[in-house]
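>
In UniProt numbering, the protein residues as written are 1 to 135.
1. Going by CA-CA distance only, name the one from 83, 118, 129 and 12 that's closest to residue 105.
2. Quick one: Cα of residue 39 to Cα of residue 15, how far?
3. Are residue 54 and residue 17 touching if we call contact CB-CB under 8 angstroms?
4. CB residue 58 to CB residue 102, shorter than 8 angstroms?
5. Which same chain residues end up closer than 6 angstroms to residue 30 when comparing Cβ atoms and leaving out the 5 residues on each side of it in sequence?
6. Hey, could you find the ends of the beta strand (DSSP E) residue 35 is sitting in?
7. Would you kindly report the start and end of the unbroken alpha helix (DSSP H) that includes residue 97?
8. In the segment 40–101, which residue ranges form an unbroken beta strand (DSSP E) of at least 3 residues, counting only runs that do not cross its ends?
9. Go to residue 30, then tell me how far its alpha helix (DSSP H) extends in each direction, as first and last residue.
10. Would you report the Cα separation of residue 66 and residue 100, rounded to the nearest angstrom?
11. Here's the rule: buried if 16 or more other CB atoms are within 10 angstroms of the residue's CB, otherwise exposed. What is residue 96?
12. Do residue 119 and residue 56 have their C-beta atoms closer together than 8 angstroms?
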């Protein structure tokens, strides 16, 4: 774990229909210096993306309404959002779910339950990759 988040206060958008997961992710990231925006659905997340540009998006795979794969496809189709790093966080660990999410354009896929260390490392890698592209 690095403290880049602590130094920069990078924003992360966390999307999950389960309130407990949103709270756990938010607490973990905020404790490590990230600013966190929360959305309980992909539709709400799209509204958030109209107002702010996070460094990384963490998105659940299966949600009521629009699911994670459809969200990723919509984001990738928009020129202003196409480069936004997206990590899919899912309770479904099948190889086909992983492949479908990555084929849609997700940058990373992580299974629930997740380790705090692994989630922080993944978020930091995505932040670092964004910083390198911007440089």
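For each residue, glycine too, the CB sits at the ideal point set by N, CA and C.
Inspection of the coordinates gives the following:
1. Considering only alpha carbons, the answer is 83.
2. Each residue's Cα considered, the two are about 5 angstroms apart.
3. In this structure, residue 17 does not lie closer than 8 angstroms to residue 54 by Cβ.
4. Their beta carbons are not under 8 angstroms apart, which means residue 58 does not touch residue 102 by this criterion.
5. Only 36 meet the Cβ criterion.
6. Its beta strand (DSSP E) spans residues 35–39.
7. Counting along the chain, the alpha helix (DSSP H) containing residue 97 begins and ends at 95–104.
8. Runs of the beta strand (DSSP E) inside the segment 40–101: 56–60 and 86–90.
9. Unbroken alpha helix (DSSP H) run through residue 30: 19–31.
10. The C-alpha of residue 100 is placed about 15 angstroms away from the C-alpha of residue 66.
11. Exposed.
12. Pairing residue 119 with residue 56 gives a Cβ-Cβ distance that is not under 8 angstroms.
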